[in-house]
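Quick note: the sequence shown uses UniProt numbering, first residue 1, plus one each step.
Right, one structure below, let's go through it.
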Amino acid sequence: MINPGRPRNQSRSTRSMPFSGLEYADPKKKGNLVGKILLAAALTALCIIMLKQSPSFNTTNVFSKHEQGVTHVLVTGGAGYIGSHAALRLLKDKYRVTIVDNLSRGNLGAVKVLQELFPEPGRLQFIYADLGDAKAVNKIFSENAFDAVIHFAAVAYVGESTLDPLKYYHNITSNTLVVLESMAAKGVKTLIYSSTCATYGEPEKMPITEETPQVPINPYGKAKKMAEDIILDFSKNSDMGVMILRYFNVIGSDPEGRLGEAPRPELRDHGRISGACFDAARGIINGLKVKGTDYSTADGTCVRDYIDVNDLVDAHVKALERAKPSKVGIYNVGTGKGRSVKEFVEACKKATAATIKVDFEPRRPGDYAEVYSDPTKIRRELNWTAKHTDLQESLEIAWRWQKAHRDGYGST
Ligand SMILES: NC(=O)c1ccc[n+]([C@@H]2O[C@H](COP(=O)([O-])OP(=O)(O)OC[C@H]3O[C@@H](n4cnc5c(N)ncnc54)[C@H](O)[C@@H]3O)[C@@H](O)[C@H]2O)c1
C-alpha cells in the first residue's frame with residue numbers, strides 16, 4: 001500500500017509494512033507469532049465445529065442436496081389451512097418439507113406448531129416469500145433440491161374473486177407459471193396441483209365426473225381452470241409427473257387438535273359455511289343466513305359435497321406416491337355424497353352445542369342447487385376413499401380447535 005506521508009528517502013526498515021515482523025529472526029517474536037497462528041487456527045476450528053453443529057447450518061446443507069430414500073417436497077401455501085395439514089401429514093410420513101408462504105392469508109403460528117413437532121434438522125424449513133416474485137422463487141429453487149411440489153398457495157374465496165378479479169387472475173395463473181418455470185429449469189419431477197370443483201361451474205348433470213365439461217362461472221374458478229390449462233399444455237412436452245386434484249368443499253381439522261382453520265377476520269364476509277357456523281356459535285355474527293329454500297333438492301336448500309381435510313391430505317399423499325414421469329392424473333376429491341345446507345346447519349348446531357339463530361332468505365344469485373362429486377376414478381386409480389364422512393364428527397373436531405383458539409393462531 002502506498003503511504004502518501006512517507007518521504008522518498010525514508011529507509012525501508014522504518015516503513016510501515018504489514019509483514020515487517022517476518023524480516024527479523026527474533027526468536028521471542030517468532031514464538032509469539034507461532035502462538036498467535038495456533039490460537040487463530042484453534043479459534044477457526046472451534047467456530048467451524050460450532051457452526052456445523054448449529055441446526056441452521058445442517059438444515060441449509062441438508063435441504064440443498066437430494067438424499068436417497070428421502071423425498072423433499074416444496075409445499076407452497078403451507079402456512080394456510082389445507083397446506084399446514086398437508087405439511088403435518090407429510091412430516092409424519094417422513095417426507096422432508098419446505099414451506100414457502102407470503103403469510104398474506106396463512107399463519108406463522110401454524111408453521112411454529114409444525115416446527116415444534118418436528119424440530120430435528122433436515123425435516124422442515126419455512127421460507128417467507130411471495131410466489132409472484134420470480135427472482136425470489138428462482139433463488140429458492142436454486143438453493144434447494146426439491147423432488148416434488150404441492151402447489152396450494154392461492155387466494156381462494158369465490159365471493160372475493162368477483163370483487164377483485166385481477167388479484168385472482170394474477171395470483172393463481174401467474175404464480176403457477178412462475179413455479180412451473182422454476183420446476184422446469186431445475187428438473188423437479190413431480191407436481192401436485194390444488195384445483196377446485198369451481199372449475200366445473202354449473203354442470204347440468206350430477207354427480208360431477210372428471211369428464212364433466214369445465215365451464216367456470218366466477219374469476220376464481222376461471223383462474224384455476226387457466227392454471228390447469230397452463231400445467232396441461234406444459235406437460236405435453238415434459239417428463240414431469242402431474243396430478244391435478246379438484247377439491248370439493250373442505251371442512252374439519254387435525255383430530256389431535258394441533259392445527260385448525262384460521263382465516264383472516266377481514267375475510268369473514270367471503271368465508272365458507274363452516275367458518276360462518278363457528279362464528280355464529282361464538283356469537284361473533286348474529287346467526288346464520290340460509291339463502292334459498294326453494295331449490296329442487298330434498299329439503300329445498302343447496303346441496304354440497306363436504307370433504308374432510310384429513311381425507312383430502314391423504315389424497316395428496318397417494319397422488320404423490322403414484323405420480324409417474326410424463327403422466328397426468330386429474331381427480332375429483334369429494335365424498336360422492338351431497339349434504340344440504342339445512343343438514344349442515346343441524347350438524348353444526350349439534351357439534352357446537354350452541355343455539356344458532358337461522359334466518360331463511362331468498363336465493364343468492366349465482367348459487368347452484370346441487371354440487372357433488374363422483375369419486376370413482378380416484379378410488380379406482382389411487383385407491384383413495386373418503387373415510388371421515390360423518391359431518392357432525394368433522395365439525396366437532398374443528399369446533400374443539402376453534403374453542404381452544406379463540407383468536408386463531410394469535411392466541412397460541
Ligand atoms: N378450502 C377449500 O374449501 C378449497 C376448495 C377447493 C380448492 N382449494 C384450494 O386449496 C388451496 C389452499 O386453500 P386453503 O383453503 O388452504 O386457503 P388458505 O388461504 O388457508 O391458504 C392459502 C395459503 O397460500 C398463501 N399464499 C397466497 N398467495 C401467496 C403468494 N403469492 N405467495 C406465497 N404464498 C401465498 C397464503 O398466505 C395462505 O397461507 C388453494 O389453492 C385453494 O384454491 C381450497
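Note that beta-carbon positions come from the ideal geometry of N, C-alpha and C, so glycine has one too.
Beta-carbon separation (whole angstroms), residue i vs residue j, contact threshold 8 Å
| i | j | result |
| --- | --- | --- |
| C302 | V345 | Between V345 and C302 the Cβ distance is about 12 Å, and since that is not below 8 Å, they are no contact. |
| R96 | G80 | Not quite, the Cβ-Cβ distance comes to about 20 Å (not below 8 Å), so this is no contact. |
| I231 | L312 | Not really, about 19 Å apart at Cβ, beyond 8 Å. |
| T173 | A136 | Going by Cβ atoms, the distance from T173 to A136 rounds to 18 Å, so no, they are not a contact pair. |
| G257 | W401 | 5 Å |
| A369 | T297 | 6 Å |
| residue 415 | T335 | For the chain, the structure presents residues 1 to 412; residue 415 sits outside this window and is missing. |
| T98 | D147 | Contact flag wrong, Cβ pair sits at about 11 Å. |
| A185 | F141 | 7 Å |
| A153 | G77 | 3 Å |
| D367 | K291 | 7 Å |
| V100 | L131 | 7 Å |
Backbone secondary structure at residue i - three-state DSSP
| i | result |
| --- | --- |
| Y169 | helix |
| N249 | strand |
| V371 | coil |
| E202 | coil |
| K94 | coil |
| G83 | helix |
| E211 | coil |
| D311 | helix |
| D101 | strand |
| S296 | coil |
| S195 | strand |
| G131 | Correcting the residue type first, residue 131 is Leu in the shown sequence and not Gly. Correct three-state label for L131: coil. |
| Y157 | coil |
| T176 | helix |
| V317 | helix |
| M183 | helix |
| I68 | Just to set this straight, residue 68 is Gln in the shown sequence, not Ile. Q68 falls in the coil class under three-state DSSP. |
| S340 | strand |
| F360 | strand |
| V242 | strand |
| G109 | helix |
| F152 | coil |
| I285 | coil |
| T376 | helix |
7 Å Cβ shell around residue i - same chain, five flanking residues per side excluded
| i | result |
| --- | --- |
| L259 | S84, H85, L88, A110, V113, S253 |
| E116 | none |
| Y168 | V155, S161, P219, Y220, A223 |
| E202 | I217, Y368 |
| T293 | G300, T301, F360 |
| A351 | Q392, L395, E396, W399 |
Neighbourhood of residue i by C-beta distance below 6 Å, restricted to the same chain and skipping five residues each side
| i | result |
| --- | --- |
| K289 | D359, E361 |
| D279 | I285 |
| P325 | D239, G241 |
| I330 | E210, I244 |
| S394 | I251, G252, D308, H388 |
| V62 | G122 |
| P255 | I397 |
| Y200 | I208, T212, Q214 |
| F126 | I99, V111 |
Exposure of residue i, with buried meaning 16 or more beta-carbon neighbours within 10 Å
| i | result |
| --- | --- |
| Q68 | exposed |
| R264 | exposed |
| H151 | buried |
| G283 | exposed |
| G21 | Note that G21 scores 28 on pLDDT, short of 50, meaning its location in the model is unreliable and no value can be drawn from it. |
| Y247 | buried |
| D314 | buried |
| G338 | buried |
| T196 | buried |
| P365 | exposed |
| P119 | exposed |
Neighbourhood of residue i by C-beta, 8 Å cutoff - its chain only, sequence neighbours within 5 removed
| i | result |
| --- | --- |
| G275 | E261, P263, R268 |
| K205 | T212 |
| F234 | L180, A184, M240 |
| K65 | A145 |
Closer than 8 Å to chain C by CB, residue i
| i | result |
| --- | --- |
| G106 | Considering every chain present, this structure includes no chain C. It has just one protein chain. |
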